[in-house]
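Following: one structure in structure tokens, then a few remarks.
In the working numbering, the protein residues as written are 380 to 576.
Structure follows, in structure tokens:
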């Protein structure tokens with residue numbers, strides 16, 4: 380198979396991301412669960428719009444962040460989506476996703492396989508400014524989505540304010556001004572009974 384054919388095959392395979400349903404519903408249609416492709420699009424938009432809020436001495440490489448955000452959930456094509464508060468699902472999540480990344484990205488030409496694996500691993504390890512920012516955006520978007528759906532996913536899963544704030548602490552570290560905004564949403568959600576105290 381030629382390099383171009385491998386890339387085209389991967390592009391076709393990536394279409395399956397549209398079939399992976401997440402826990403959150405759409406703000407525009409609360410009867411419809413968000414899929415991974417919609418989530419990815421929303422993340423990349425957030426990352427572009429909020430990049431000047433990153434608190435870092437070195438500038439953030441937004442293109443690298445966008446690549447991470449586009450790639451990081453592709454593993455769910457094979458590993459499935461694991462709800463962030465699913466303790467049982469998290470027991471083998473890391474291994475399932477690593478196996479999926481290796482298998483999925485191995486269909487690409489070698490240089491792209493290496494790049495995609497490196498980006499995926501960087502996101503997972505959260506050691507760089509870019510990975511922390513990408514992770515913060517990945518945590519922020521569901522907060523916005525759930526809040527503007529009247530807390531539906533929090534209510535359905537009996538989530539409390541402490542768990543929600545702890546899960547999203549990376550936002551505080553890398554985009555503190557955005558964190559202040561998140562805190563107001565979470566506090567309001569708690570006052571409305573969407574999150575437990």
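Just so it is clear, CB atoms sit at the ideal spot from N, CA and C, and this is done for glycine as well.
Where residue 437 sits in the DSSP three-state scheme: coil
Residues near residue 432 by beta carbon distance below 6 angstroms, same chain, minus five either side: 554, 556, 557
Residue(s) in a DSSP beta bridge with residue 575: 539
Residue closest to residue 422, alpha-carbon to alpha-carbon, out of 399, 436, 448, 407: Taking the Cα of residue 422 as reference, the smallest distance to any Cα among 399, 436, 448, 407 is reached at 448.
Residue 376 - DSSP class collapsed to helix/strand/coil: This structure does not reach residue 376, given that the chain is present from 380 up to 576, and the question cannot be answered.
As assigned by DSSP and simplified to three states, the class of residue 494: helix
CB of residue 399 within 8 angstroms of CB of residue 455, strictly: Taking 8 angstroms as the Cβ cut-off, residue 399 and residue 455 qualify as a contacting pair.
Bridge partner(s) assigned by DSSP for residue 412: 404
Residue 547, buried or exposed, once every other Cβ within 10 Å from all chains shown has been counted against 16: With 16 or more other Cβ atoms within 10 Å, it is buried.
Delimiting residues of the alpha helix (DSSP H) encompassing residue 567: Per DSSP, residue 567 belongs to the alpha helix (DSSP H) from 555 to 570.
Sequence-distant residues of the same chain with beta carbon closer than 7 angstroms to residue 498, five excluded per side: 446, 447, 450
Element boundaries [alpha helix (DSSP H), containing residue 478]: Residue range 472 to 484 is occupied by the alpha helix (DSSP H) that includes residue 478.
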